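Have a look at the structure below before the remarks.
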Amino acid sequence: MKQNSKFKYLLLLIVITSYIYSTEILFANGQINYQFKESHPFKIGFGTTPQSPTTGNLKISLKINYINSEQPMIKGNVSFLARENNQQVYSINKNMIETIEFGHYHSNIEIPTEGLWVFKFTINDGIQTNTITFESEVTKRDPFQGIITSIALLAFITALSFTIRTIIKNRSNQSVD
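Numbering (the working numbering), first residue to last: 1166 to 1342.
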């Protein structure tokens, strides 16, 4: 029984540690925290996944509503230019794609370097064109984050397997009695 108790404490420690180190991965379920700015006639929300941008793949999301009516912009074009603030050499220029939800636009990009990045969005609804800028600090990806998450997942699957095995064993012992 002592060995089983040690296993439970080890499993609990792994789960808590992985939660602390992998909250950014857990938010990859579509939840995006937007920072909002207004640039007449638009109210624009900017968000990224992961929430704290890291080098590598980055999902950029925009939520565009009209200030006066709070209605989403359902027709139009959105493009952006992303560049590292200190180095004009590297820049990304892309169009964004509207998602299923009206007024939501997204794009995936590769961010090669850490530092302060500037995202300049050009929004055109067919009547007017406007430009707005957001800044975001990009950091290096933590190499241990994926490893810790994988270990926690493996530990969870192992614990679940042992639990199911114990339940089945207990039921089969009860049916014999």
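A virtual CB, placed ideally from N, CA and C, is assigned to each residue, including glycine. On a predicted model such as this, the values are computed, not experimentally measured, just so you know.
In its own chain, which residues sit with a C-beta less than 6 Å from the C-beta of T1296, not counting the 5 before and 5 after it?
Translated into the one-based positions of the sequence shown, residue 1296 becomes position 131. For T1296, where only same-chain residues beyond five positions count, the Cβ hits under 6 Å are T1287.
Following the continuous beta strand (DSSP E) through Y1231, name the residue where it begins and the one where it ends.
Residue mapping note: residue 1231 aligns to position 66 of the sequence shown, counting from 1. Residues G1221 to Y1231.
Check whether the Cβ atoms of L1223 and I1274 sit closer than 8 Å, and answer yes or no.
Residue numbering aside, residue 1223 sits at position 58 when the sequence shown is read from its first letter. Residue numbering aside, residue 1274 sits at position 109 when the sequence shown is read from its first letter. Yes; because the gap between Cβ atoms is below 8 Å, this pair is in contact.
I'd like the list of long-range same chain contacts for F1239, defined as Cβ closer than 7 Å, with 5 residues on each side in sequence excluded.
Along the sequence shown, one-based indexing puts residue 1239 at 74. With the sequence shown as reference, residue 1239 is identified as Ile, and Phe is not the correct amino acid for it. Counting only Cβ-Cβ distances below 7 Å, and skipping sequence neighbours, we find F1267 and G1268.
Do you know how far the Cα of P1206 is from the Cα of N1233?
Taking the sequence shown and counting its residues from 1, one reaches residue 1233 at position 68. Taking the sequence shown and counting its residues from 1, one reaches residue 1206 at position 41. N1233 and P1206: Cα-Cα distance of roughly 7 Å.
Along the chain, where does the beta strand (DSSP E) that runs through N1289 open and close?
Residue mapping note: residue 1289 aligns to position 124 of the sequence shown, counting from 1. G1280 to N1289 is the extent of the beta strand (DSSP E) around N1289.
Just the Cα atoms here: how many angstroms apart are L1325 and N1335?
Counting from one through the sequence shown, the residue named residue 1325 turns up at place 160. Counting from one through the sequence shown, the residue named residue 1335 turns up at place 170. N1335 has its alpha-carbon roughly 15 Å from the corresponding atom of L1325.
I need the DSSP call for T1323, collapsed to helix, strand or coil.
Taking the sequence shown and counting its residues from 1, the one referred to as residue 1323 is at position 158. It is helical.
Here's a check: name, in chain order, each residue in its chain whose Cβ is nearer than 6 Å to the Cβ of P1237, leaving out the five neighbours to either side.
Numbered from its first residue, the sequence shown carries residue 1237 at position 72. Cβ within range, chain order: N1230, F1267 and G1268.
Quick one: what does DSSP say S1217 is sitting in, helix, strand or coil?
To locate residue 1217, count along the sequence shown from 1; it is residue 52. Coil, per DSSP.
Quick one: Cα of E1203 to Cα of I1209, how far?
Along the sequence shown, one-based indexing puts residue 1203 at 38. Along the sequence shown, one-based indexing puts residue 1209 at 44. E1203 and I1209: Cα-Cα distance of roughly 6 Å.
For G1212, list the residues DSSP reports as bridge partners.
Counting from 1 along the sequence shown, the entry for residue 1212 is found at position 47. The partner list for G1212 (beta bridge, DSSP) reads S1226.
Determine whether the beta carbon atoms of S1301 and P1215 lie at a separation below 8 Å.
In the sequence shown, counting from the first residue as 1, residue 1301 sits at position 136. In the sequence shown, counting from the first residue as 1, residue 1215 sits at position 50. No, the pair does not count as a contact, with Cβ atoms beyond the cut-off.
From F1245 to I1262, what distance separates their C-alpha atoms?
Counted from its first residue, the sequence shown places residue 1245 at position 80. Counted from its first residue, the sequence shown places residue 1262 at position 97. One C-alpha to the other measures close to 11 Å.
Kindly give me the distance between the Cβ atoms of V1283 and T1298, rounded to whole angstroms, as I take these residues to be in contact under 8 Å.
For this step, residue 1283 is matched to residue 118 along the sequence shown. For this step, residue 1298 is matched to residue 133 along the sequence shown. Yes, V1283 and T1298 are in contact; Cβ-Cβ is about 6 Å, under 8 Å.
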